[in-house]
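Reading through the structure tokens given below for one structure.
Protein chains in written order, with this note's numbering: chain A, 35 to 180; chain B, 5 to 147.
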């Protein structure tokens, strides 16, 4: 999106300025995953947004008997959000491909923070627009066999 | 998550209160289309967001040289948001399916407006995020 200017490598916080970053980093926690470890196996995943600091993850979509790798996310990317904007809970599994370190933001805390800070909220929503749009394009191309 | 209260049935502006709604409607251009008239063509660079005020539109794509109808969009829905977000060329043809009234939010005016209205921007981007999430789910359901 051309409204804001990117200031850093974190795809969720990329449009925040230095002061805004300092504020929101108070909410940030770090979490590490070993290769092949499943990232979304417990409830904790649904209560947080994960952004990869370093590493890679694989997204697998499960349809009945079939599973298909549909995407990979790498340094700086927001990991797939299965239920952030939609009640529909997709049947996907997310596994670390290599040792992966993630920034973790609790959704409730982040939501409250955004409600109190419209300037930050607009920049984070814009960053989520970008991230979802990129994923949608990657998936469409992948399914189209391109 | 990121819940704003839904205040109307406009897919793009549903979280805006009356005052916010009127403010952004000032930049909307109202366009009337007759049946089969082209609204968007594949390859265009414009990045406007369009909202169907009345009627419906037919979406078609170019698949290996053949133009295939993929879906219809109805009154109350919006389109063109992916080009608003990323600088892509249009990837679908969209034409009126019967008479249609379209509200066009021109890219430059919309960006300038949103840059100066943080809360409205957050609410509109949230509505776009929800729409994109639905599209992602629909796409995956095709597997």
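Beta carbons are placed, not taken as given, at the ideal position from N, Cα and C, and that holds for glycine.
Residues that residue 56(B) bridges to, as DSSP identifies them | 106(B)
Taking residue 46(B) as the reference, which of 60(B), 76(B), 84(B), 94(B) has the closest Cα?
-> 94(B)
Output the distance between the C-alpha atoms of residue 82(A) and residue 67(A), rounded to the nearest integer angstrom.
-> 15 Å
Compare the C-beta of residue 120(B) with all C-beta atoms of chain A and state if any pair is closer than 8 Å.
-> no
Interface flag, residue 60(B) vs chain A, CB-CB below 8 Å = no
DSSP-derived helix/strand/coil call for residue 180(A) = Model confidence at residue 180(A) stands at a pLDDT of 47, short of 50, so the residue's coordinates are unreliable; what they give is reported in the following sentence. Of the three classes helix, strand and coil, the one that applies to residue 180(A) here is coil, per DSSP.
So, is residue 98(A) buried or exposed, given that buried needs 16 or more other C-beta atoms within 10 angstroms?
-> exposed
In chain order, which continuous runs of the alpha helix (DSSP H) of length 4 or greater are located wholly inside the region 60-125 of chain B?
-> 85-89, 111-120
What in chain A is Cβ-close to residue 139(B), meaning under 8 Å?
-> 170
List the residues that DSSP assigns as beta-bridge partners of residue 84(A).
-> 138(A)
Decide if residue 78(A) is buried, meaning its Cβ has at least 16 other Cβ atoms within 10 Å, or exposed.
-> exposed
Sort out for me which residues DSSP pairs residue 19(B) with in a bridge.
-> For residue 19(B), which the question treats as bridged, DSSP gives no partner whatsoever.
Measure the CB-CB distance between residue 18(B) and residue 110(B) and report whether it falls below 8 Å.
-> no
Confirm, please, whether the CB-CB distance from residue 167(A) to residue 84(A) is below 8 Å.
-> no
Tell me, please, whether the CB atom of residue 159(A) is closer than 8 Å to any CB atom in chain D?
-> The structure shown contains no chain D; the protein chains it does contain are A and B.
Cβ separation of residue 72(B) and residue 65(B), assumed to be a contact under 8 Å, to the nearest whole Å | 6 Å
Counting along the chain, where does the alpha helix (DSSP H) carrying residue 53(A) start and finish?
-> 52-58
Take residue 77(B) as the anchor and find which of 144(B), 127(B), 106(B) has the nearest alpha-carbon.
-> 106(B)
For the region 76-101 of chain A, enumerate the residues whose C-beta is nearer than 7 Å to any C-beta of chain B, in chain order.
-> 95, 97
Neighbourhood of residue 180(A) by C-beta, 7 Å cutoff - its chain only, sequence neighbours within 5 removed | Annotation note: pLDDT 47 at residue 180(A) (below 50); position unreliable, coordinate value reported separately. Nothing meets the Cβ criterion.
Got a sec? Which residues, its chain only, sit under 7 Å from residue 63(A) by beta carbon, not counting five neighbours each side?
-> 138
Bridge-paired residues (DSSP) for residue 154(A) = For residue 154(A), which the question treats as bridged, DSSP gives no partner whatsoever.
Does the region 156-175 of chain A come within contact of the region 133-144 of chain B, defined as at least 3 CB pairs closer than 8 Å?
-> yes
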